[in-house]
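A.B. asks:
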Amino acid sequence: MAVLTKGPTLGDLVKWEVYPAYTREVITLLAGTSYPLGAVLGKITASGKHRLSPAAVVAGAEGAETAVAVLVEAVDATAADKPGVVVARGPVLLSRAGLRFDASVDTASERAAKEEQLAAAGLVVRTTV
Numbered sequence: 012m013a014v015l016t017k018g019p020t021l022g023d024l025v026k027w028e029v030y031p032a033y034t035r036e037v038i039t040l041l042a043g044t045s046y047p048l049g050a051v052l053g054k055i056t057a058s059g060k061h062r063l064s065p066a067a068v069v070a071g072a073e074g075a076e077t078a079v080a081v082l083v084e085a086v087d088a089t090a091a092d093k094p095g096v097v098v099a100r101g102p103v104l105l106s107r108a109g110l111r112f113d114a115s116v117d118t119a120s121e122r123a124a125k126e127e128q129l130a131a132a133g134l135v136v137r138t139t140v
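To convert a position in the sequence shown, counted from 1, into my numbering, add 11.
1) From the DSSP output, read off the bridge partner residues of Thr39.
2) Just to confirm the assignment, what range does the beta strand (DSSP E) spanning Arg107 have?
3) When burial is assigned at 16 or more other CB atoms within 10 Å of the CB, is Leu21 buried or exposed?
4) Less than 8 Å between the C-beta atoms of Asp113 and Pro65, yes or no?
5) At the level of alpha carbons, what is the spacing between Ala78 and Met12?
6) Taking just the CA atoms, how far does Val14 sit from Ala165?
7) Can the beta-carbon of Ser45 be found closer than 8 Å to that of Ala88?
8) Excluding the five sequence neighbours on either side, which residues of its own chain have a C-beta within less than 6 Å of the C-beta of Leu110, listed in chain order?
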């Protein structure tokens, strides 16, 4: 018998949300990546599009180094810009285990910095069970 594996769900990421109509927004995701549920995103100043928030400034994507939102659905934007739904303001409690970071965010201090940036928008990250 085949083994079925279920991927992450919204319940694995969002642990408490005051009012989804207030906390969520539809944004445009920059083409070139398949974004997973829980992707920590930054907003590119020049275009207003969102991408995975890198650890440092990336030429052509200035502004995205500051984490401002978390994707609440997986979106495949490899071929073109796509819309996505994010939690952009709180109060929201997010599971630390549910967050997905850019490959450049690879140390505990860089992840902690991203969590602080999200907290500024009311997106509080907690270790949950």
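Glycine is no exception: its CB is placed at the ideal position from the N, C-alpha and C atoms.
C.D. replies: Taking the definition as stated:
1) Your numbering for residue 39 matches position 28 in the sequence shown. For Thr39, which the question treats as bridged, DSSP gives the partners Pro94.
2) On the sequence shown, position 96 is the one that residue 107 refers to. It is not in any beta strand (DSSP E) - Arg107 carries neither H nor E in the DSSP assignment.
3) Along the sequence shown, one-based indexing puts residue 21 at 10. So Leu21 counts as exposed.
4) Within the sequence shown, the letter at position 102 stands for residue 113. Within the sequence shown, the letter at position 54 stands for residue 65. One thing to note: Asp113 has its Cβ within 8 Å of the Cβ of Pro65.
5) The residue given as residue 78 occupies position 67 in the sequence shown. The residue given as residue 12 occupies position 1 in the sequence shown. Their backbone Cα atoms lie some 43 Å apart in a straight line.
6) Residue 165 lies beyond the residue range present for the chain, which begins at 12 and ends at 140; the question has no answer from this structure.
7) Against the sequence shown, residue 45 aligns to sequence position 34. Against the sequence shown, residue 88 aligns to sequence position 77. In contact: Ser45 and Ala88 (Cβ atoms closer than 8 Å).
8) Taking the first residue of the sequence shown as 1, we reach residue 110 at position 99. Cβ neighbours of Leu110 beyond the five flanking positions: Gly49, Val51.
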